[in-house]
Amino acid sequence: MAFGPHLLLATLEGLVTAAVLSLTALGLSLVFGVMRVVNVAHGEFFMLGAVIAWGAASLFTGNAALGFVAALIISPLVVGAVAFISERLVLRRVEYNPEATIVATIGLLYILQQAALTFYGPEARPVEAPFNLRIQLPWFGYSGYKLFVIAAAIVLLLLVWLILTRTRIGLVMRATQIDREMARAFAIPVDRVYAGVFALGAMLAAIAAVLIVPIQQAHYLMGLDPLLLSFIVVIIGGLGSLRGTLVAALIIGVSDGIIAMFFSPTLAKMIATAAVALVLVFRPQGLFGTATR
Amino acid sequence: MTKKSALILPSRSISRRDALKGIAAAGALSVAPGFVRYAQAQSSAPIKIGFQAHKTGIGAAYGRWYERTTAAAVKAINAAGGINGRPVEIITEDDGTDPKRGAEVVAKLTNQHQCDIVYGTLFSHVVVASAPVAGELKVPYFVVSEGYHVASGKMNRYCFQPGITDVRSQVTAMAPWVSGNLGKKVTMIYPDYAFGHDHRDYFAPAIKAAGGEVIAQIPIPPTESSFTKYFPQIPAETEVLYHVMVGPAVLTFVKELGEFYGSNKPQLFGFIDSLEAVDINSPGLEFLDGSHFWEGSPRYAQANDSEAMKAYRAAVGIDENGAADGDPKDVSTAAHMFGCWETLYVIKQAMEAAGYQGPADRAKLVEATEAIQGFDEGPEHPQGDKVFDGKLHQVYGHQNISKLEGGKLNVVHRTEIKDGMYEAEGDYTQQAL
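Those protein sequences? They're chains G and P, same order as listed. The first sequence begins at 5 in my numbering and counts up one residue at a time. The second sequence begins at 25 in my numbering and counts up one residue at a time.
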């Protein structure tokens with residue numbers, strides 16, 4: 005294949021990765037930004053989103069589009085509820101102590117993962133894409149659904165941005181993020197904001213999973229990769245920064261696609277990890293983050 | 025006070041006569057009843073087989089069916105009188121499909137559970153990590169893996185693979201058919217670790233000997249979840265695409281291959297390993313229609329199935345589509361799990377030949393297994409007859425090539441055992457026991 009089409013394919017693949025990654029990482033970033041806790045179980049919310057998407061879609065066998073829409077509604081709601089409950093039952097009890105939270109969310113990771121193995125099983129199960137469109141380019145064919153994933157991610161990211169900057173909920177969240185004590189002094193129910201943000205973060209991961217599940221299958225171990233990549237993105241972009249997360253997801257996703265295609269996938273992972281190290285050394289707050297007070 | 029001491033002390037002192045009686049009685053006990061105790065151990069204490077199972081981790085789907093097959097085989101063996109008249113007990117430990125944990129499991133089964141032997145591992149990286157521990161503990165270790173590790177001569181005298189043919193033999197047997205029926209120019213896509221490397225190293229020379237040629241080899245990291253980016257490396261003149269992907273991302277692989285090629289595709293030849301425990305009629309797999317697969321034992325019931333095969337399928341509980349009876353979505357790993365059934369019968373045969381009594385006879389069991397020449401097709405070996413190489417500890421059997429058509433896999437070619445024979449690279453019998 006000639007260089008031009010090859011590069012096009014690499015870029016398209018990278019954009020799909022970036023689209024899903026930006027949604028997942030945004031969830032992680034929001035939780036850290038507002039609550040100052042590191043949620044190690046974030047990848048499992050992603051996995052749970054995919055597994056529930058399979059469950060929801062299989063309620064509507066025969067109509068793939070309907071099944072997908074059902075998954076897109078049910079899955080984030082269920083995952084959000086699970087996150088809300090675990091926030092109330094676990095994180096609040098350890099008073100958001102950073103070390104205790106890490107240990108608690110590692111525990112949560114295993115509970116969710118093994119629950120999925122027990123109740124869903126060890127198989128990888130596919131969800132049918134809402135539509136089957138194959139776009140034939142002169143050099144190769146490409147999945148129409150993957151292009152839809154890119155578009156859907158852009159719409160969703162815009163939506164999150166609008167919520168954060170234009171609504172009262174967003175204002176409350178930002179106030180909590182900037183100064184928890186002051187927010188409390190202004191009668192913002194910080195405690196409830198925390199629960200909401202934790203649920204929202206998990207829902208973003210679940211939505212990303214629903215989008216990806218017609219491309220990759222739902223599997224009980226699928227949460228690890230998104231977790232690692234999300235951490236990489238969030239560290240490079242700056243914890244708690246929406247813009248940073250988006251830019252870093254694009255850099256990581258597209259460079260992963262291109263480097264993996266022209267050189268080797270291992271090199272792509274090495275470069276991403278080296279980038280994290282460099283950012284931590286020279287700009288610990290991340291490309292777009294502000295230094296913590 | 026006196027009353028209390030009467031309870032504790034004997035009412036009278038022991039006379040010399042009493043003592044002599046006691047010694048005589050003890051002597052009698054130690055002669056005759058000693059024999060009784062020995063016979064009892066032989067007749068009732070169960071033979072403990074430690075099962076290193078992939079209950080969790082990447083091999084969990086295989087592990088579940090290995091457990092079911094093992095349970096069915098043990099039920100059948102015990103119903104027919106067990107091994108040497110003793111019942112068989114399976115002690116299962118989860119290795120998480122993890123090499124480090126696998127090595128620990130072998131030690132735990134041997135030392136803590138006091139198992140007679142260890143059995144049942146599938147994934148080759150777990151086998152390779154566990155084998156040295158088995159050799160160190162001198163516990164016979166029967167794997168059901170298909171990897172070319174035992175047969176490479178690089179494991180040790182206590183490792184056996186008597187129930188399933190290794191990859192090197194499989195690809196050697198099938199290469200002539202691929203070259204003769206599908207095409208000469210082959211591109212290989214395989215996972216970049218031991219199992220994939222076995223294919224890379226042995227299929228290429230085999231197809232060359234058959235008049236074909238491997239024109240490109242594309243290794244893919246085992247953790248990869250998206251594959252489109254690798255497809256531009258497939259040369260345009262490829263006639264046959266040879267794929268041996270494993271793990272949960274396989275469906276993605278096939279789907280993306282379909283999107284990339286559309287209807288203008290090369291011939292596809294794959295290992296069913298890619299799709300074990302996966303419904304062949306899943307959405308996205310339509311692209312595989314008309315392609316060919318290796319199967320150790322056919323997933324779908326075939327028209328010419330032997331009575332033994334039918335009985336085996338009924339005992340394990342799979343229907344004619346290779347799914348669990350009563351749950352069509354629970355698809356089996358039929359191409360591999362027959363190896364568990366057959367391996368357990370090999371263990372029975374070897375233990376009976378060795379007159380196996382307990383862990384002290386482990387060396388005798390190793391020698392008895394090495395003395396086996398082969399197996400006839402029958403209820404104990406439903407997949408077919410086999411040749412066993414005692415020096416290499418490896419079994420060789422027939423391989424099936426199946427075509428996917430009409431939503432089913434139909435066997436179109438069955439190789440001969442001699443097609444898969446190769447020059448041995450080791451001899452375990454030279455090693456000390």
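Backbone N, C-alpha and C fix where the C-beta goes; we use that ideal spot for every residue, glycine too.
Query                                                                                                                        : Result
Test: G:Phe36 CB closer than 7 Å to a CB of chain P                                                                          : no
Any chain P beta carbon closer than 7 Å to G:His46                                                                           : no
Given P:Phe311 as reference, the closest of P:Ser287, P:Tyr90, P:Ile425 and P:Arg88 once Cα atoms are compared               : P:Ser287
When P:Glu248, P:Met179, P:Val151 and P:Ile304 are compared against P:Glu429, the one with the closest alpha-carbon          : P:Ile304
G:Leu81 CB to nearest heavy atom of the ligand SAH below 6 Å                                                                 : As presented, the structure is devoid of all ligands, the ligand SAH included, so that no description of it is given.
Inter-residue Cα distance where the pair is P:Ser148 and P:Val168                                                            : 10 Å
Chain P contact for G:Met274 (CB, 7 Å cutoff)                                                                                : no
Where G:Phe144 meets chain P, residues with beta-carbon distance less than 7 Å                                               : Phe284
Candidates G:Val94, G:Gly84, G:Asp183 and G:Ile239: closest to G:Pro288 by CA position                                       : G:Ile239
Bridge partner(s) assigned by DSSP for P:Pro243                                                                              : P:Tyr214
Cβ neighbours of G:Gly71 in the same chain (closer than 6 Å, five flanking residues each side left out)                      : Ala61 and Phe64
Span separating the alpha-carbon of P:Lys427 from that of P:Pro406                                                           : 21 Å
CB of P:Val355 within 7 Å of CB of P:Leu309, strictly                                                                        : no
Reduced DSSP category for P:Lys232 - H, G, I as helix; E, B as strand; rest coil                                             : helix
Minimum Cβ-Cβ distance from P:Pro111 to chain G less than 7 Å                                                                : no
Cutoff 7 Å: P:Gly294 Cβ touching any chain G Cβ                                                                              : no
Cβ pair P:Leu457, P:Ala97 closer than 7 Å                                                                                    : no
Neighbourhood of G:Gly244 by C-beta, 7 Å cutoff - its chain only, sequence neighbours within 5 removed                       : Ser33, Phe36, Gly37, Gln181 and Gly293
Bridge partners - P:Phe75, DSSP secondary structure assignment                                                               : P:Thr116 and P:Tyr143
Whether G:Val237 touches G:Ala213 by CB criterion (7 Å)                                                                      : no
8 Å Cβ cut-off: residues of chain G touching P:Pro245                                                                        : Pro269 and Thr270
Close Cβ partners of G:Ala272 (< 6 Å) along its chain, the five nearest in sequence each way excluded                        : Asp260, Ile263 and Ala264
Bounding residues of the beta strand (DSSP E) (the contiguous stretch that carries P:Pro352)                                 : Asp351 to Val355
For P:Tyr86, three-class secondary structure by DSSP                                                                         : helix
Backbone CA spacing between P:Gln138 and P:Pro111 [nearest angstrom]                                                         : 16 Å
Cβ pair count under 8 Å reaching 3, the stretch 219–228 of chain G against the stretch 112–129 of chain G                    : yes
G:Ala69 vs G:Pro130 beta-carbon contact at 7 Å                                                                               : no
Meets three-Cβ-pair contact criterion under 8 Å: the stretch 409–421 of chain P and the stretch 336–350 of chain P           : no
Assigned secondary structure, G:Phe36 (DSSP; H/G/I helix, E/B strand, else coil)                                             : helix
For G:Glu127 and P:Arg88, the rounded distance between their alpha carbons                                                   : 10 Å
Partner residues on chain G for P:Glu117, Cβ-Cβ distance less than 8 Å                                                       : Chain G residues near P:Glu117: none, gap ~17 Å exceeds 8 Å.
Residues, ordered as in the chain, of the stretch 277–292 of chain G that lie near chain P by beta-carbon distance below 9 Å : none
P:Thr247 versus G:Leu95: straight-line alpha-carbon distance, rounded                                                        : 31 Å
Opening and closing residue of the alpha helix (DSSP H) in which P:Gln194 lies                                               : Val191 to Asn205
G:Val153 to G:Val20 span [Cα, whole Å]                                                                                       : 7 Å
Close-in-space but distant-in-sequence residues of the same chain around P:Ala127 (CB under 7 Å, 5 per side omitted)         : Ala153, Ser154 and Val157
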